[in-house]
Structures are given as C-alpha cells and as structure tokens.
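Protein chains: 2
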Amino acid sequence: MPAPHDTTTAPDAYAPTDRTVPTRARERASYDREVVHAILDEGYVCHLGFIRDGAPVVLPTLYGRVGERLYVHGSTGARPLRMAGREEADEAPGLPVCLTVTHVDGLVLARSAFHHSLNYRSVVVHGIARPVTDPAERAAALDALVDHVVPGRAADSRPADAKELAATAVLRLDLDEVSAKIRTGGPNDDPEDLALPHWSGVLPVARTYGAPVPADDLAPGTPVPGYLTRR
Amino acid sequence: MPAPHDTTTAPDAYAPTDRTVPTRARERASYDREVVHAILDEGYVCHLGFIRDGAPVVLPTLYGRVGERLYVHGSTGARPLRMAGREEADEAPGLPVCLTVTHVDGLVLARSAFHHSLNYRSVVVHGIARPVTDPAERAAALDALVDHVVPGRAADSRPADAKELAATAVLRLDLDEVSAKIRTGGPNDDPEDLALPHWSGVLPVARTYGAPVPADDLAPGTPVPGYLTRR
Chain A
70 MPAPHDTTTA PDAYAPTDRT VPTRARERAS YDREVVHAIL DEGYVCHLGF IRDGAPVVLP
130 TLYGRVGERL YVHGSTGARP LRMAGREEAD EAPGLPVCLT VTHVDGLVLA RSAFHHSLNY
190 RSVVVHGIAR PVTDPAERAA ALDALVDHVV PGRAADSRPA DAKELAATAV LRLDLDEVSA
250 KIRTGGPNDD PEDLALPHWS GVLPVARTYG APVPADDLAP GTPVPGYLTR R
Chain B
70 MPAPHDTTTA PDAYAPTDRT VPTRARERAS YDREVVHAIL DEGYVCHLGF IRDGAPVVLP
130 TLYGRVGERL YVHGSTGARP LRMAGREEAD EAPGLPVCLT VTHVDGLVLA RSAFHHSLNY
190 RSVVVHGIAR PVTDPAERAA ALDALVDHVV PGRAADSRPA DAKELAATAV LRLDLDEVSA
250 KIRTGGPNDD PEDLALPHWS GVLPVARTYG APVPADDLAP GTPVPGYLTR R
C-alpha cells in the first residue's frame with residue numbers, strides 16, 4: 070500500500086490554500102491536524118460534493134478515516150463511484166470532490182436578528198477522490214468504514230466476501246487541502262443593543278444515544294456488546 | 070412578491086426528474102411535500118454545493134423555509150453570495166446549487182460488515198439560487214432564517230437595520246426539483262448470516278438540548294423565553 074503521507078513526520082497543521090482560507094471570519098478557521106481529525110472522527114455522515122453534467126451534487130454518505138486518508142464507499146453502480154472510476158485519456162481515474170462534515174453544538178440567540186448564529190464545528194476537504202484497487206487497502210478501508218460507525222465493530226462482524234467486495238467501490242480522498250471552522254461561545258451583540266429586553270445566550274445542542282434495539286431475528290439471549298453499552 | 074408556487078393548489082408531491090431518481094435503493098426515495106418539509110424544518114444546517122473555478126465546494130450554512138422556497142443568507146462579501154449576484158451577459162443572476170439536509174437517526178449493525186448502515190432522513194434540492202432584492206421578501210426571508218433556528222424568535226429580537234440589511238445577501242432556492250431519502254428499521258442481514266453470533270440491531274441516535282446558557286452580559290433576572298423552555 071503506498072504511503073504518501075507519513076504522519077509521524079508530517080507537520081502538525083495543513084498548509085492553507087486559496088480554497089481553504091475563508092473570506093469571512095478567518096479567526097474561526099483552523100488547520101490543526103488533531104482538530105480536523107477529532108471533528109471528522111465524531112461524524113457519521115459526510116456531505117460529498119461533485120459535479121455531474123455541469124451541475125453540483127451533494128450527497129450524504131458514510132466515511133472512514135485511516136491516518137491522513139478518508140474513504141467513502143458504495144455500490145459499483147452508484148453515480149459518484151462510477152464517475153470516479155471512469156478513465157479519461159492520459160489521466161488516472163479520479164473525481165474532483167469537496168467533502169464536508171459538520172456538527173451543530175448550539176443555537177446562538179442574540180438581541181439582534183442579525184447576530185443570530187450557530188455554534189458549530191466543520192471540516193471541509195478539497196481534492197480528487199480516486200478508486201482504491203489494492204486489496205489490502207480496500208480491506209483496511211472497509212474496516213475503517215465499519216469502525217467509524219461503531220469503534221470495535223469491524224472485528225465483531227463477518228468480513229465482506231468475494232461477491233460483496235466485487236460489488237463495492239471504495240474511493241480515497243487524501244487529507245491535503247483541509248480546513249476546520251469552529252464557532253464557540255455566546256452571542257456577539259453590538260454594544261448599543263445590550264440594553265434591549267430580549268433574552269440572549271446559547272441553547273446547547275448535542276447528540277444522544279437510545280438503548281440498543283435488537284434485530285427482530287436476533288437469537289434471544291445474545292448479549293449487547295460492550296462497545297455499544299460503553300457510550 | 071411573485072408567487073410562482075401556489076401551494077394551495079400544488080400537487081402533494083414533487084415531480085421526479087433524472088436528477089432526483091436515485092440509481093440505488095429507489096424504495097427509500099420520497100417526493101411527498103409534507104415529508105420533504107418536515108425533514109427540512111427539523112434541520113439547522115444545510116450543506117450547500119456549488120461550483121467554483123470548475124471544482125465543487127460544499128459549505129454548511131443556515132437556511133430558512135417559506136412555503137416552497139428555501140432561503141440562505143450571508144455577508145455580501147461571501148463567495149457563493151457574490152457569485153450568485155454576478156450578472157452574466159443576457160442572463161439573470163443565479164448560481165446552480167445543490168442543497169442537502171440530513172438527519173442521522175440510528176446506527177445499523179448487521180451481522181455482516183457489508184450490511185452495516187445508518188438510519189437517516191435526507192432531502193436533496195437541485196436548482197438555481199437567485200439573489201432576493203425585493204425588500205418585503207428579504208425581510209420575510211430573514212425572519213424565516215431566525216425562526217428556523219428557534220420558532221418564535223424573530224418577533225422577539227431587534228430586526229435588521231438599514232446598515233445590516235445592506236451588508237446581507239439573501240438567496241432563494243425554489244423547491245421544484247426535490248427528493249427525500251429515508252432509511253428506517255433494522256439491519257438487512259442475508260439469510261445465511263442469521264446464525265452468526267454477532268449482536269445485530271440498531272443504536273438510536275437523536276438530538277438533545279441542554280439548559281439555556283445566558284450571555285455573560287445578560288441583565289440578571291431576564292426570564293428565559295417560553296420558546297426555549299418548551300423544547
């Protein structure tokens with residue numbers, strides 16, 4: 070498996086580019102690898118943008134991370150996976166994408182309508198998604214996708230068989246051109262608005278998990294695994 | 070204010086198009102207006118995709134809905150808003166976009182790695198985002214954006230003044246080419262996997278709200294409004 074990103078010697082931050090420096094609120098941007106990884110690892114769905122017939126398309130999809138690589142997967146018949154695998158003359162297959170992950174952490178209520186906002190953490194990745202063909206990298210990517218949903222689960226499920234592997238396309242997107250954007254804290258009301266009577270502050274928003282719901286056909290007495298109850 | 074979509078006589082469903090019929094899992098697709106509206110109204114952030122310099126860009130942003138119209142807003146200096154306002158020869162200003170909203174409802178653990186999935190509800194809207202210039206429509210859109218964060222809040226905050234309005238661009242995206250996609254229920258294990266020892270089922274995921282956190286500069290004794298405590 071090629072290893073273009075040796076994270077043990079990589080700098081702690083991604084290099085900003087024209088595309089990853091925001092035009093607004095630059096103080097909210099971060100290029101720190103640990104910050105980016107933490108935001109990515111906490112998400113379940115990314116929003117994958119690509120161009121189809123000249124128009125933008127944004128689809129929600131699962132993803133997984135292995136070091137400085139993100140993986141998405143899907144049926145070999147699904148559009149972005151088909152498009153990424155298409156060979157163009159003299160060019161390696163690949164699909165220009167933008168992959169975005171966002172967490173909403175709070176509703177920010179200011180005295181003025183204008184300063185209403187959200188507290189959030191987001192990561193935006195630009196790059197070329199390329200088909201993964203190496204069997205070992207494909208297997209590792211599929212494990213990462215399952216473990217991204219529930220850490221520890223890949224080892225406690227039946228691995229993909231040859232038929233399933235043949236039906237699954239895996240795309241890799243390297244973490245090169247990456248930025249995070251984070252808003253925290255209270256509202257930024259203008260000084261002249263502070264005496265207005267409206268309540269002002271933040272309503273925190275978080276994710277919560279319910280009790281595990283066994284499948285209808287699960288054998289009675291099958292224990293709930295520890296990786297689910299430890300949440 | 071023009072009213073191209075009279076919802077009182079509109080059919081109950083959006084007409085499917087090439088772009089809104091999925092290549093996979095068609096049974097999960099819905100074009101029902103009420104289903105689409107409910108998914109949109111429950112979200113805080115949409116992922117707005119557009120094309121910049123030939124490459125896809127996906128940015129998280131607030132949105133609001135008024136009937137069959139979605140609104141996004143931002144600084145007049147922000148990229149997508151600037152791009153949407155640019156006049157091309159002989160064409161009305163507008164930016165081709167894809168706007169997607171997704172809710173994660175559960176983690177689906179199958180016996181096989183292959184059948185792991187998420188329960189989710191998503192809406193994908195294709196269309197042209199156009200700048201809103203009519204003052205009454207702009208005001209209604211800005212109210213909708215605030216009320217989307219907290220219903221009832223627009224009336225309990227200071228409306229935008231002339232300077233704030235001049236600094237804010239509003240884009241409209243009509244709900245014409247729209248689909249929802251929904252997965253619910255347990256894992257779809259293959260019959261030959263049912264005897265495997267792995268736990269199988271769904272871990273529900275939901276949104277939760279914390280106690281309201283008053284702004285540091287909020288006057289002591291300011292009551293928490295009912296629209297926050299009724300959640």
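So the sequence lines, in the order shown, correspond to chains A and B. So the first sequence is residues 70 to 300, counted in this note's numbering. So the second sequence is residues 70 to 300, counted in this note's numbering. Glycine included, each C-beta is placed from N, C-alpha and C at the ideal position.
Taken through DSSP and simplified to helix, strand or coil, residue 277 of chain A comes out as strand. When the alpha-carbon of residue 147 of chain A is set against those of A:284, A:192, A:129, A:256, the nearest one is in A:129. Just so you know, the alpha carbons of residue 245 of chain B and residue 287 of chain B end up roughly 43 angstroms apart. Taking a C-beta distance under 8 angstroms as the contact criterion, residue 219 of chain A and residue 167 of chain B do not qualify as a contact pair.
Contact between residue 271 of chain A and residue 177 of chain A holds, with the beta-carbon distance rounding to 5 angstroms and staying under 8 angstroms.
Under the Cβ distance rule, residue 99 of chain B does not count among the residues neighbouring chain A, no pair being separated by less than 8 angstroms. Per DSSP, reduced to three states, the secondary structure at residue 184 of chain A is helical. In the DSSP annotation of this structure, residue 146 of chain A is not part of any alpha helix (DSSP H), being labelled neither H nor E.
From the beta-carbon of residue 125 of chain B, the residues of chain A found nearer than 7 angstroms are 118, 119, 120, 125, 165, 166, 167. The segment 250-268 of chain A makes contact with the segment 177-192 of chain A; the number of CB pairs closer than 8 angstroms reaches 3 or more. In this structure, the alpha-carbon of residue 189 of chain A lies about 8 angstroms from that of residue 250 of chain A.
For a cut-off of 8 angstroms, the C-beta gap from residue 201 of chain B to residue 170 of chain B is around 20 angstroms, too long to register as a contact.
Inter-residue distance for residue 141 of chain A and residue 228 of chain A is about 17 angstroms (C-alpha atoms, whole angstroms).
A distance below 8 angstroms separates the beta carbons of residue 256 of chain B and residue 284 of chain A.
If you draw a straight line from the Cα of residue 289 of chain B to the Cα of residue 280 of chain B, it is about 17 angstroms long. Using a Cβ-Cβ cut-off of 8 angstroms, residue 285 of chain B counts as an interface residue toward chain A, since at least one Cβ of chain A sits closer than that to its own.
Annotation for residue 219 of chain B: no beta strand (DSSP E) segment contains it, and DSSP assigns it neither H nor E. For residue 82 of chain B, no chain A residue has a Cβ inside 9 angstroms of its Cβ, as the nearest lies near 21 angstroms away.
Contact check for residue 102 of chain A against residue 81 of chain A passes: the beta carbons are separated by less than 8 angstroms. Close partners of residue 233 of chain A in chain B (Cβ separation under 7 angstroms): 183. No Cβ-Cβ contact shorter than 8 angstroms links residue 90 of chain B with residue 113 of chain A.
Residue 101 of chain A is bridged by DSSP to A:82.
For residue 248 of chain A, there are no neighbours in chain B by C-beta distance under 8 angstroms, as the nearest C-beta there is about 11 angstroms away. If you draw a straight line from the Cα of residue 137 of chain A to the Cα of residue 217 of chain A, it is about 15 angstroms long. In terms of Cα proximity to residue 194 of chain A, the closest of A:111, A:133, A:299, A:242 is A:242.
For residue 236 of chain A, the uninterrupted alpha helix (DSSP H) run begins and ends at 231-236, by DSSP.
The alpha-carbon separation between residue 120 of chain B and residue 214 of chain B amounts to approximately 24 angstroms. Taken atom to atom, the span from the alpha-carbon of residue 207 of chain A to that of residue 239 of chain A is near 7 angstroms. Residue 148 of chain B belongs to the set of residues whose beta carbon lies under 8 angstroms from a beta carbon in chain A.
A distance below 8 angstroms between beta-carbons, with the five flanking residues on each side excluded, links residue 236 of chain A to the following residues of its chain, in chain order: 144, 145.
At a C-beta separation below 8 angstroms, residue 145 of chain B has no neighbours in chain A, since its nearest C-beta there lies roughly 10 angstroms away.
Around the C-beta of residue 149 of chain B, 16 or more other C-beta atoms lie within 10 Å, and the residue is accordingly described as buried. In this model, residue 115 of chain B and residue 221 of chain A are separated by some 31 angstroms (Cα to Cα).
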